[in-house]
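Residue numbers (UniProt numbering): 1 to 310.
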Ligand code: NDP
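Have a look at this one:
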């Protein structure tokens, strides 16, 4: 069996070693621009260059080394249409998301962001505590990662809410779904966490109108994709005080350009797209399992529905 591998960072050796461990029969072919590849059974990519698309037309499945598939689906009709695309499900990312979002939410609830500012100014000044009942946390997207984040938040006793495309029942979480449920979900959410895939339906979902429906003094935590937020609208709402603060891990342009106004806004906390990193060993293990299942004709999890875009 041959696997075609593309790594934008060029660091292919550790991946080859892990494939040798978890799928010893596989030969790994590295994709190089301008070189013709031998016929491969599977492709393993993250954000492949357009020049690689032709090679993807003959594989049995395309494996993505991430949970989101927007970097592949952006090619639209230029992508081979019949080939299954299989994304990572969790593979060590869910616990990282749980850590990141729990930290960010607790930081705002316990006002550590304000204490950090006060400490830099040499101020010793206890602030009134937020009340838990006023601090509902709403997660946009209750998939593999969103569900794990809600589970991690549950023991703290915040009112929890979740929004998804299809209807869900989750004990301890007030659930909403579809376009009709969004308005009520937003109006009752103090801390808005975005964990959606980027699709035509979810792009710009956090625009002025929708963020304006959040209660005064709301918080935004975006760990999904930069294009979920209308960035100028967030600046406007933060300056007006409607949004108290935001923690952002993802941006329309990454790395975030040095001139971007977010860098100048102290109420915006920036991290460099690290909320859930792809863990190589866990990812190769999951891909190897899925290849074995595909070869055996068994169903695999993580198959992307191209019409839904995730
Ligand atoms: P899933 O596919 O498991 O979950 C997606 C969730 O979003 C589902 O609950 C789905 O609803 C919901 N959803 C999708 N479209 C809509 C819509 N139009 N309206 C309402 N709800 C919708 O994905 P994961 O949880 O595995 O990953 C989520 C995203 O996290 C990824 O797509 C990626 O963009 C981002 N990510 C970011 C990382 C980072 O480091 N910043 C790392 C990893 C992922 P339903 O359940 O009804 O289908």
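Heads up, the beta-carbon is just placed ideally off N, CA and C, and yes, glycines get one too. This structure is a prediction, so every number in the text was calculated from the model and none was measured.
Query                                                                                                                       : Result
Beta strand (DSSP E) runs wholly inside the segment 177–219, at least 3 long, in chain order                                : 191–194
Beta-carbon proximity list for residue 149, same chain, < 7 Å, skipping 5 on both sides                                     : 97, 98, 101, 139, 193 and 195
Alpha-carbon to alpha-carbon, residue 86 and residue 134                                                                    : 40 Å
Whole-Å CB distance - residue 252 paired with residue 226, under 8 Å assumed                                                : 4 Å
Rounded straight-line distance, which links the Cα of residue 116 to that of residue 243                                    : 19 Å
Any alpha helix (DSSP H) of 4 or more consecutive residues that is wholly inside the segment 101–147                        : 112–120
Continuous beta strand (DSSP E) stretch holding residue 62: start and end                                                   : 61–64
Straight-line gap, residue 294 to residue 105 (C-alpha atoms, nearest Å)                                                    : 40 Å
Reduced DSSP secondary structure (H/G/I, E/B, other) of residue 270                                                         : strand
Segment contact flag, the segment 229–248 with the segment 200–215, C-beta cutoff 8 Å, min 3 pairs                          : yes
contact_flag[the segment 175–188, the segment 44–60] where n(CB pairs < 8 Å) is 3 or more                                   : no
Among 88, 81 and 146, the one whose alpha carbon lies nearest that of residue 284                                           : 88
Contact between the segment 1–9 and the segment 34–47 (3+ Cβ pairs under 8 Å)                                               : yes
Close beta carbons around residue 7, own chain, < 6 Å, minus the five adjacent residues each side                           : none
Where residue 18 falls, given that 16 or more other Cβ within 10 Å makes a residue buried                                   : buried
Residues that DSSP places opposite residue 279 in a beta bridge                                                             : None; residue 279 has no bridge partner.
Three-state secondary structure assigned by DSSP to residue 27                                                              : strand
Spatial neighbours of residue 311 in its chain, beta-carbon cut-off 7 Å, leaving aside the 5 residues before and after      : The structure shown does not extend to residue 311, since the chain spans only 1 to 310, so no value can be given for it.
Residues of its chain near residue 26, where Cβ-Cβ distance is below 6 Å and the 5 sequence neighbours each way are ignored : 1, 3 and 19
Residue 3 - containing beta strand (DSSP E), residue span                                                                   : 2–5
Collapsed DSSP secondary structure at residue 234 in the structure displayed                                                : helix
DSSP state of residue 310 mapped onto helix, strand, coil                                                                   : coil
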